[in-house]
Each structure stands twice: as C-alpha cells, then as structure tokens.
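For reference, the structure is listed below as structure tokens.
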Amino acid sequence: MIDFDLTDEQKALQKMAREFAEREIRPIAEKLDRSENLLQDFPWDMIKKASKLGLRTVALPEEYGGPDFDLRTWVVLRYREVNYRSRMRVR
C-alpha cells in the first residue's frame with residue numbers, strides 16, 4: 246500500500262508556501278489581472294521574497310542551487326503557487 250501521508254518536513258514546507266501565497270500572492274493577484282502594463286506593475290519585491298524562501302528553485306537539482314526535492318515535495322510546493330496563479334487571467 247502506498248503511503249500518501251506527508252512527512253513533517255513536507256508539512257512544514259507546505260505551510261510555509263501556503264502562508265507565503267496568502268500573504269504575498271493573493272493580495273496582488275487581482276491587481277495584476279487588471280494591469281494594462283504588467284512589466285511596470287510586476288511584483289519584483291514578491292519575487293525577491295520568494296527567492297529568499299527558496300520557492301523559486303524548488304525544481305532545481307542541488308548542483309544548480311536547488312534543494313533537490315523529490316517529486317512529491319515539489320508537487321506539494323507548486324500546488325500552492327499554481328492555485329493562486331490560476332486566479333490571475335492569462336493574456
């Protein structure tokens with residue numbers, strides 16, 4: 246039988262990603278959706294914060310500066326981001 250329970254580390258990472266998405270992505274999603282000049286309105290400060298938390302490199306192997314997470318951990322972290330980004334309109 247496959248164990249689908251998350252490890253304590255995965256739960257902590259999931260919580261961190263959820264809190265980041267709630268605090269940083271959710272408040273700006275609608276503004277970005279309405280933006281006529283995304284380049285001007287792009288949230289570079291949010292990207293810097295995501296970088297400091299390691300959220301921009303979750304898919305990279307260790308030799309390229311990533312944490313070398315397994316697939317399950319990567320999916321747990323990306324789910325939060327995709328969940329909030331999907332609320333933004335794609336042009």
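The numbering used here numbers the first residue of the sequence shown as 246 and each following residue consecutively.
No residue lacks a Cβ here, since even glycine has one placed at the ideal position from N, Cα and C.
Quiz item: Of all the beta strand (DSSP E) runs that stay within the bounds of the stretch 278-304, which reach a length of 3 or more residues?
Solution: none
Quiz prompt | Nearest-angstrom Cα separation, counted from G299 out to E254 | solution = 14 Å
Practice problem: Quick one: measure Cβ to Cβ for P306 and D315, integer angstroms, because I've assumed they're closer than 8 Å. | Solution: Not confirmed; about 11 Å, so no contact.
Quiz prompt | Residues near E269 in its chain [Cβ-Cβ closer than 7 Å; skip 5 each side] | solution = Result list for E269: M291, K294, in chain order.
Quiz item: If you drop the 5 nearest sequence neighbours on each side, which residues of the same chain put their C-beta closer than 8 Å to that of D248?
Solution: none
Quiz item: Going straight from the alpha carbon of V321 to that of D278, what length do you get?
Solution: Going by the C-alpha atoms only, they are around 25 Å apart.
Exercise. Please state if the CB of A304 and the CB of W215 are separated by a distance shorter than 8 Å.
Key: In the structure as shown, the chain begins at 246 and stops at 336. Residue 215 is therefore absent and cannot be evaluated.
Quiz item: DSSP state of L251, grouped into three classes?
Solution: coil
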